[in-house]
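Peer 1:
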Amino acid sequence: MKNQLSAFLLSGGVMAVSLGVLTLGYYLNDDSGPELEIRKMDIAIAQPPPPPPPQSQQVTEQADVNMQVEGAGAPVSMADIKVDPEIEIDKPERPDVAMAQPDWSAPEVDWDAYGLSELDGRPTLLTPVKIRFPKQLKRRGVERVVVKLDVMIDEKGDVTLISIVDNPHHELNREIQRFVKGSKFTAPHKADEAVRARFIWPVEIEA
């Protein structure tokens, strides 16, 4: 009887241990916890903004020059000048200019005329001899001067001074030129025809 009770208790203990092991294994396998639902989401990544366009650089030069005009008020300063460093200026073309050589030769004057001995008669002076005597000659005691003039008379009796052949006092040159320009002769003739005459004309000048 005692042996049967021990066997019964041993069987019950074995069953209890087996049941505990099964229960523990169940709980160990069921460790997933609550189920979670995971949804796939498409996320759009924003693109970074494009870089700003490069700004053209402007070079500003300031001239350190102050312009001031005497007596015109406050000084005027030069304004800022904007310079584009990329500007190219074409050099102007030089025009082809033909330089004419000056003609320094004096115009030829026809002094061809008859001498007094070849004329029908001597021309007569129609205008008076009026020459202002220089004061400086008077102060030096000069009261009378004789000059010799190379002149030509045209067909109308007008006189042209070719040269002053003899004049001891150059102070008289201007008065001689004025006097000859205003003089007039009768027209010289040869064979009853008006011609030109050239001769040395002595003129006496008195103070």
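Numbering (UniProt numbering), first residue to last: 1 to 207. From the three backbone atoms N, C-alpha and C, an ideal C-beta is built for every residue, glycine too.
#1: State yes or no: is the C-beta of isoleucine 164 within less than 8 Å of the C-beta of valine 142?
#2: Which of helix, strand or coil does DSSP assign to phenylalanine 179?
#3: Quick one: is proline 51 buried, meaning 16 or more other Cβ sit within 10 Å of its Cβ, or exposed?
#4: Decide if methionine 182 is buried, meaning its Cβ has at least 16 other Cβ atoms within 10 Å, or exposed.
#5: Please check the pair leucine 137 and glutamate 171, which I expect to be a contact at CB under 8 Å, by giving their CB distance rounded to whole angstroms.
#6: Within 10 angstroms of its Cβ, does proline 123 collect 16 or more other Cβ (buried), or is it exposed?
#7: Quick one: using the 10 Å Cβ neighbour count with 16 as the cut-off for buried, is proline 202 buried or exposed?
#8: Let's see if you can read the secondary structure: which residues bound the alpha helix (DSSP H) around lysine 135?
#9: Within a Cβ cutoff of 8 Å, which residues of the same chain sit near leucine 10, ignoring the five residues on either side of it in sequence?
#10: Got a sec, what are the start and stop residues for the beta strand (DSSP E) alanine 197 sits in?
#11: Leaving out five residues on either side along the sequence, give the residues of the same chain with a beta carbon under 8 Å from the beta carbon of arginine 196.
#12: Quick one: what's threonine 160 bridged to in DSSP?
#13: Does at least one heavy atom of the ligand PLP sit under 7 Å from the Cβ of glutamate 171?
#14: Using a 10 Å radius around the Cβ and a threshold of 16 neighbouring Cβ atoms, would you call glycine 157 buried or exposed?
#15: Report, in whole angstroms, the separation of the C-beta atoms of isoleucine 131 and glutamate 193, which I expect to be a contact under 8 Å.
#16: In angstroms with no decimal places, state the Cα-to-Cα distance between isoleucine 205 and phenylalanine 179.
#17: Taking the alpha-carbon of phenylalanine 199 as reference, which of Ala207, Phe185 and Ala191 has the nearest alpha-carbon?
#18: If contacts are defined as beta-carbon pairs under 8 Å, then proline 168 and valine 145 qualify, I think. What distance do you get, rounded to the angstrom?
#19: Taking just the CA atoms, how far does glutamine 177 sit from threonine 160?
Peer 2: A quick look at the data gives this:
#1: no
#2: helix
#3: exposed
#4: A small correction: the amino acid at residue 182 is glycine; methionine does not occupy that position in the sequence shown. The residue is exposed, with fewer than 16 neighbouring Cβ atoms inside 10 Å.
#5: 6 Å
#6: buried
#7: exposed
#8: 135-139
#9: none
#10: 197-206
#11: Asp112, Ala113, Tyr114, Met152, Ile153, Asp154, Glu155 and Pro188
#12: Met152
#13: For the ligand PLP, the structure offers nothing, since it holds no ligand at all.
#14: buried
#15: The Cβ separation is near 33 Å, so there is no contact.
#16: 11 Å
#17: Phe185
#18: 7 Å
#19: 9 Å
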